[in-house]
Amino acid sequence: MRKIIKSMDDMPRNFDISKYRNMDKISAFDWHILLARRHTLLFYIEAGINECNRYTLEKKPDLDKQEEYLLELLNLTLENPLNCSDEPYIGISEKYGIASDGRASLGYFLNKKAIYQIEGWDLMFFYDSWRRYGNYTTAEDGRLQIPIDDLHKTAIDNFSKEGKSLLRGMYPILVNPYYPNNEIFDALGEELRLIRKKFKIGKTTRQITYQDLLKWSSYKVLAYFDLKLWELLHGTKTTKTVICRALYDKGEYGEDNLRKSVEPLLHQLMYADCIDSSDESEWSIHDALAALAREEIGKNPAKYFPE
């Protein structure tokens, strides 16, 4: 049974809300990196200790070592929650002999570009996906359904439910750059219409603005995310009264605000990815944030990617 945290005395000692005071000053790019890092930690925690063993390089640490590894990662986050550098996390991973996801957050960000040139790795991935799953059809396709094992069918169905293709949410299209612009754009528009119809994707209207980031900052949503990670790792549950005292030490928000506004937002930030499960016609909140970050980078690329 989960332990119920009813007192501030039982909260993590290294949690200090004052460390999150400058959230209103950080960029959209930094928001993206900070959230992506916490998603990595969330994955490790929810996947369980045994799942983490898959990410070891040579000698597998015992279960106690895995718990120590996750605790050290979380403690590092609580000590310096606004740190965007991967180096401390890579150091901890190397200490425990575990393959690090260093730079993973940046890689995730770059993969979220709307259009990019296909490279050799992508072609290999496309081929492998088709070899594994390409013979799977449905009655709606109007073709003969070829038997496929349940595991692969489940994987395909899950992709379909999330509005994705089998290609990491991307769809391969060949473009002849020698055609006039108007013909290329018209053809792309028609292909896009057919693809969205196939995957039942409506208008991608969700947008994130800097006003949204200010609201997230005032809600102390990143601090709440960290407390949720601490709860999951320690198997505890904190009362809303204690959460409000920990997050809003100046009485900015109460339990009613926490329940109606902050927790729904936190759930989106923790679990929404690619196409929202609640509404497949919109981007996820992370894709919209990535779009704002890309716009930010475009205005000053040297700041984010110095030569």
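According to the working numbering, the residues represented by the sequence shown are 1395 to 1701, in order. All C-beta atoms, glycine included, are put in the ideal place defined by N, C-alpha and C. Computed from a prediction, not measured in an experiment: that's the story for all the values here.
Pull up the CB-CB distance for residue i and residue j, whole angstroms please, since I reckon it's below 8 Å.
i	j	result
Leu1627	Leu1464	6 Å
Glu1690	Ser1421	6 Å
Ile1486	Leu1470	7 Å
Gly1629	Arg1396	5 Å
His1426	Ala1696	About 19 Å separates the two Cβ atoms, so there is no contact after all.
Leaving aside the five residues before and after residue i along the sequence, list all residues of the same chain whose C-beta is less than 8 Å from its C-beta, in chain order.
i	result
Ile1578	Val1569, Asn1570 and Pro1571
Thr1603	Leu1686
Met1402	Val1636, Arg1639 and Ala1640
Phe1619	Leu1429, Arg1432, Leu1660, Leu1663 and Met1664
Arg1653	Lys1634
Beta-carbon separation of residue i and residue j under 8 Å?
i	j	result
Phe1423	Ala1682	no
Leu1659	Phe1409	no
Ile1398	Lys1634	no
Ser1707	Asp1418	Outside the shown range of the chain (1395 to 1701) lies residue 1707, about which nothing can therefore be said.
Leu1623	Ile1439	yes
Leu1428	Leu1472	no
Val1656	Tyr1665	no
Pro1566	Ile1512	yes
Counting C-beta neighbours from all protein chains within 10 Å, is the total for residue i 16 or more, i.e. buried, or is it exposed?
i	result
Gln1605	exposed
Leu1467	buried
Lys1614	buried
Ile1679	buried
Leu1582	exposed
Gln1601	exposed
Leu1608	exposed
Less than 7 Å between C-beta atoms, sequence neighbours within five positions excluded: which residues of the same chain meet that for residue i?
i	result
Leu1436	Leu1623 and Met1664
Glu1585	Ile1567
Glu1649	Lys1634, Thr1635 and Cys1638
Glu1625	Lys1631 and Thr1632
Tyr1698	Phe1423 and Ile1691
Once the 5 residues before and after residue i are set aside, which same chain residues still bring their CB inside 6 Å of it?
i	result
Lys1400	Thr1633
Cys1478	Asp1424 and Ile1427
- Task: Taking 8 Å as the threshold, find out whether the segment 1402 to 1418 comes into contact with the segment 1627 to 1647 through three or more Cβ pairs.
- Result: Verdict: yes, contact present.
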